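Presented below is the structure to which this report refers.
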Amino acid sequence: MDITIHTCVLLHDDPEASLAFYRDTLGFEVRKDVGTGTMRWITVGPAGRPGTSILLAPPAADPGITEEERRTVAEMMAKGTYGWLLLATKDLDGTFEKLQADDAEVIQEPTEQPYGVRDCAFRDPAGNQIRIQEVR
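Take the sequence shown: its position 131, counting from 1, is numbered 130 in numbering that gives the first Met the number 0, and each next residue is one higher.
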């Protein structure tokens, strides 16, 4: 089999704030932006890597979940426990400094983890955890 990761999905509750974070703070390209108001689907990805994307989607869009499930998702997003993404960079310290200077919410400063990686963590505007590992 030849399988790749094409797109992963993170939820957003403020499309403009999410767009600013992924485009302006992380430097991702905007590939698509469809919908209006809070019902927007925004596809972003790393510059020069068109084969990998993140779809930022509104949580209320899935018709298959109940109102109780929607409330649970909203509560988890507010606590920052719903979604997360793991990114990688060769310059962890430089990346951390840029994100911190752009007022991204820091969860963890660059740290050598006991499981063999060095990483840091932030939250995006929707509360999703963004961990960034250092590529060695």
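Built from N, CA and C at the ideal position, the CB exists for glycine as well. Please read all numbers here as calculations on a predicted model, not as lab measurements.
Nearest-angstrom Cβ-Cβ length linking residue i and residue j, presumed shorter than 8 Å
i           : j           : result
residue 23  : residue 124 : At roughly 12 Å, the Cβ-Cβ gap does not stay under 8 Å, so residue 23 and residue 124 are not in contact.
residue 18  : residue 4   : About 22 Å; that fails the 8 Å criterion.
residue 69  : residue 56  : Actually they are not in contact, since the Cβ atoms of residue 69 and residue 56 sit about 13 Å apart, beyond 8 Å.
residue 122 : residue 128 : 6 Å
Reference residue i, options the options, closest by Cα
i           : options          : result
residue 79  : 10, 18, 65       : 10
residue 76  : 133, 69, 126     : 126
residue 84  : 108, 47, 135, 52 : 52
residue 111 : 133, 72, 21, 66  : 133
residue 49  : 31, 115, 66, 89  : 31
Residue range of the alpha helix (DSSP H) that includes residue i
i           : result
residue 72  : 66–78
residue 136 : It is not possible to answer for residue 136, since the shown part of the chain is limited to 0 through 135.
residue 91  : 91–100
residue 18  : 14–18
Coarse secondary structure for residue i, derived from DSSP in three states
i           : result
residue 47  : coil
residue 135 : coil
residue 58  : helix
residue 123 : coil
residue 85  : strand
residue 1   : coil
Limits of the beta strand (DSSP E) - the one that residue i falls within
i           : result
residue 109 : 104–111
residue 10  : 6–10
Proximity of residue i and residue j at Cβ, strictly below 8 Å
i           : j           : result
residue 131 : residue 100 : no
residue 43  : residue 27  : yes
residue 62  : residue 91  : no
residue 54  : residue 6   : yes
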